[in-house]
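A short worksheet on the structure shown next.
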Amino acid sequence: PRSTRLGEDGELLFAGAPVSHLAARFGTPSYLIDEQQVRDTAREYREALPDVEVAYASKALCTRAVLRWVAEEGLSLDTCSAGEIAVARSVGFPAERMLLHGNAKTPEDLKAALGYGVRRIVVDSLDEIEQLGALAHGAQQVLIRVTPGVAAGAHAAISTGAEGQKFGFSLLDGVPDNVDAAVEAIKTQPGLRLTGLHCHIGSQVTRIDRYEAAARRMAEVLVRVRDTHGVTLRELDLGGGHAVPYVGGEPAFDLGGYSRRLRVALAYECAAHGFPLPRLTIEPGRAIVGPAGITVYRVCAVKRGSRTFVAVDGGMSDNARPSLYGARYTTRLVGRRSKAKRVPMTVVGRHCEAGDVLADGISLPADLHAGDLLAVPCTGAYHHSLASNYNQVGRPPLVGVRNGVATLLVRRETEEDLSRRDLG
Ligand code: LLP
Numbered sequence: 024p025r026s027t028r029l030g031e032d033g034e035l036l037f038a039g040a041p042v043s044h045l046a047a048r049f050g051t052p053s054y055l056i057d058e059q060q061v062r063d064t065a066r067e068y069r070e071a072l073p074d075v076e077v078a079y080a081s082k083a084l085c086t087r088a089v090l091r092w093v094a095e096e097g098l099s100l101d102t103c104s105a106g107e108i109a110v111a112r113s114v115g116f117p118a119e120r121m122l123l124h125g126n127a128k129t130p131e132d133l134k135a136a137l138g139y140g141v142r143r144i145v146v147d148s149l150d151e152i153e154q155l156g157a158l159a160h161g162a163q164q165v166l167i168r169v170t171p172g173v174a175a176g177a178h179a180a181i182s183t184g185a186e187g188q189k190f191g192f193s194l195l196d197g198v199p200d201n202v203d204a205a206v207e208a209i210k211t212q213p214g215l216r217l218t219g220l221h222c223h224i225g226s227q228v229t230r231i232d233r234y235e236a237a238a239r240r241m242a243e244v245l246v247r248v249r250d251t252h253g254v255t256l257r258e259l260d261l262g263g264g265h266a267v268p269y270v271g272g273e274p275a276f277d278l279g280g281y282s283r284r285l286r287v288a289l290a291y292e293c294a295a296h297g298f299p300l301p302r303l304t305i306e307p308g309r310a311i312v313g314p315a316g317i318t319v320y321r322v323c324a325v326k327r328g329s330r331t332f333v334a335v336d337g338g339m340s341d342n343a344r345p346s347l348y349g350a351r352y353t354t355r356l357v358g359r360r361s362k363a364k365r366v367p368m369t370v371v372g373r374h375c376e377a378g379d380v381l382a383d384g385i386s387l388p389a390d391l392h393a394g395d396l397l398a399v400p401c402t403g404a405y406h407h408s409l410a411s412n413y414n415q416v417g418r419p420p421l422v423g424v425r426n427g428v429a430t431l432l433v434r435r436e437t438e439e440d441l442s443r444r445d446l447g
């Protein structure tokens with residue numbers, strides 16, 4: 024990642040600050056996030072897609088500072104709960120640049136969105152349309168989430184566009200709760216105004232042809248809605264899912280190619296049916312914050328058995344991704360230089376499960392020992408936000424770093440924090 028650089032003495036500099044100093048000051052494990060890199064990536068997106076609304080998917084990492092940075096860089100915001108809306112609200116994120124998602128929105132989620140004036144709510148069931156209709160007073164803008172029948176993503180658990188998974192309205196004619204039923208249901212609700220369609224094909228997607236296919240399919244649905252229901256929709260939201268490289272050698276997402284090929288696919292399909300080009304929104308989460316973060320751990324023990332295990336002071340509670348999605352990571356020694364031979368080791372966490380493996384079969388110096396620091400790159404997205412308290416372990420802090428200056432953004436969770444909710 025761009026934010027890390029090797030110093031003269033083997034020290035790893037993160038956004039200009041020595042990682043070992045950050046570890047001494049904030050403890051381990053700690054999540055570090057490079058503010059400038061988040062801002063630069065947001066800018067790259069805006070420059071590559073100048074006429075597209077780029078909504079940061081806050082599920083990737085939702086803290087006040089991060090939402091402030093992306094707001095300042097001109098991004099919009101995709102939220103999926105009353106909790107995320109509350110964070111956005113606390114930093115005054117402009118409600119006209121916000122969306123709400125979810126296949127099971129609670130009354131609290133819907134009320135939070137209406138109360139703050141979130142401009143677009145992406146509806147995902149007929150029940151939701153009815154519930155939202157009953158709560159909405161003005162002309163609440165809604166988008167219909169469509170199941171485009173185009174699937175992509177690094178793992179079945181994050182592949183969300185295929186027919187037969189839980190998200191969106193089906194395009195199939197024989198299905199009762201399909202897109203046509205959704206359009207008709209919204210028409211009967213005076214408090215709702217249908218302005219567009221949405222789809223999200225999956226996450227950690229590398230293939231741009233999948234996005235092209237989704238764009239073409241969605242253009243067909245816009246035409247179908249016009250021809251069947253007499254409604255011309257002007258907005259198309261194509262979701263997020265842009266992949267980031269976690270381990271060396273993985274390709275980076277081709278943002279330029281994505282921008283070009285989406286445009287061509289849409290222009291072609293719209294022109295073929297005499298349909299006006301819709302206004303586009305996209306929702307990258309991981310791509311904005313993932314590569315800008317690293318996690319720093321301290322080695323608790325090195326055990327040289329039939330395999331060499333390096334046990335660190337964190338694990339599946341701060342990085343659930345290997346156990347949930349079979350995700351792969353690298354790690355590197357930081358804070359000292361080692362001339363020792365590199366040997367294969369397996370970096371494991373502290374939790375009481377054999378599956379608590381952070382990085383399997385990676386090369387680390389043979390003289391690695393308890394007390395050493397290890398850094399895992401690319402942990403800015405879906406690490407802090409997916410963290411748990413498994414084994415009654417407090418969640419790590421989030422430290423923002425910019426030009427060598429570190430700021431504690433979210434403090435470490437203490438035993439007191441954990442016991443506060445236990446009333447027994
Ligand atoms: N829009 C919608 C409607 C979504 O559901 C998601 C992610 C995004 C946008 C942003 O996707 P991104 O650009 O970040 O891939 N925990 C999993 C990822 C789950 C993604 C869920 N939805 C992981 O760590 O791989």
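Per UniProt numbering: the sequence shown = residues 24 to 447.
Glycine is no exception: its CB is placed at the ideal position from the N, C-alpha and C atoms.
Remember, it's a predicted structure, so these values are computed and weren't measured experimentally.
Next item on the list: Confirm, please, whether the CB-CB distance from Gly308 to Tyr79 is below 8 Å.
Entry: Against a cut-off of 8 Å, the Cβ pair of Gly308 and Tyr79 comes out as a contact.
Note to self: Let me check one thing: in DSSP terms, what residues is Arg302 bridge-paired to?
What the structure shows: Within the DSSP secondary-structure output, Arg302 pairs in a beta bridge with Glu258.
Next item on the list: Could you tell me the distance, in whole angstroms, from the CA atom of Arg283 to the CA atom of Arg247?
Entry: 25 Å
Notebook entry, point to check: When the Cα of Asp150 is compared with those of Glu292, Gln212, Lys82, which residue comes out closest?
Noted result: Gln212
Notebook entry, point to check: Nearest to Ala382 by CA position, among Val270, Asp445, Ala105, is which residue?
Noted result: Val270
Item checked: 3 or more residues per run - each beta strand (DSSP E) lying fully within the stretch 304 to 374 -> 316 to 327, 331 to 335, 355 to 357, 365 to 371
Note to self: Between Val366 and chain B, is any beta-carbon pair separated by less than 8 Å?
What the structure shows: Here chain B cannot be found, since the structure has a single protein chain.
Notebook entry, point to check: Would DSSP call Arg168 helix, strand or coil?
Noted result: DSSP places Arg168 in strand when its eight states are reduced to three.
Notebook entry, point to check: Would the beta-carbon of Ile181 be found less than 7 Å away from any heavy atom of the ligand LLP?
Noted result: yes
Next item on the list: Could you have a look at Pro24 and say whether DSSP puts it in helix, strand or coil?
Entry: Only weak support is given to the placement of Pro24: the predicted model assigns it a pLDDT of 47, under 50, and the question is left unresolved by the model.
Next item on the list: Can you grab the Cα-Cα spacing for the pair Val312 / Ala410, in whole Å?
Entry: 16 Å
Item checked: Helix, strand or coil at Phe116 according to DSSP, with G and I counted as helix -> coil
Note to self: If you reduce the DSSP assignment to three classes, tell me which class Thr251 lands in.
What the structure shows: helix
Next item on the list: Quick one: using the 10 Å Cβ neighbour count with 16 as the cut-off for buried, is Tyr291 buried or exposed?
Entry: Looking at its Cβ environment, which holds fewer than 16 other Cβ atoms inside 10 Å, Tyr291 is exposed.
Notebook entry, point to check: So is the beta-carbon of Glu306 under 7 Å away from any non-hydrogen atom of the ligand LLP?
Noted result: Glu306 Cβ: within cutoff of the ligand LLP.
Check: Are the stretch 74 to 89 and the stretch 351 to 358 in contact at 8 Å, needing three or more beta carbon pairs?
Finding: no
Notebook entry, point to check: Can we say the stretch 254 to 271 touches the stretch 219 to 237, given the rule of at least three CB pairs closer than 8 Å?
Noted result: yes
Check: Bridge partners of Thr102, per DSSP?
Finding: Leu123
Margin query: Would Val146 and Ile108 be called neighbours here (beta carbons separated by less than 8 Å)?
Written below: no
Note to self: So, with DSSP's three-state summary, where would you put Phe190?
What the structure shows: coil
Notebook entry, point to check: Touching or not, the stretch 329 to 346 and the stretch 365 to 384, by the rule of three or more beta carbon pairs under 8 Å?
Noted result: yes
Note to self: Out of Pro268, Tyr234, Leu300, His296, which one is the CA nearest neighbour of Gly280?
What the structure shows: Tyr234
Note to self: Nearest by alpha-carbon distance to Val433: which of Val89, Asp445, Gly328 is it?
What the structure shows: Taking Val433 as reference, the option from Val89, Asp445, Gly328 with the minimal CA-CA separation is Val89.
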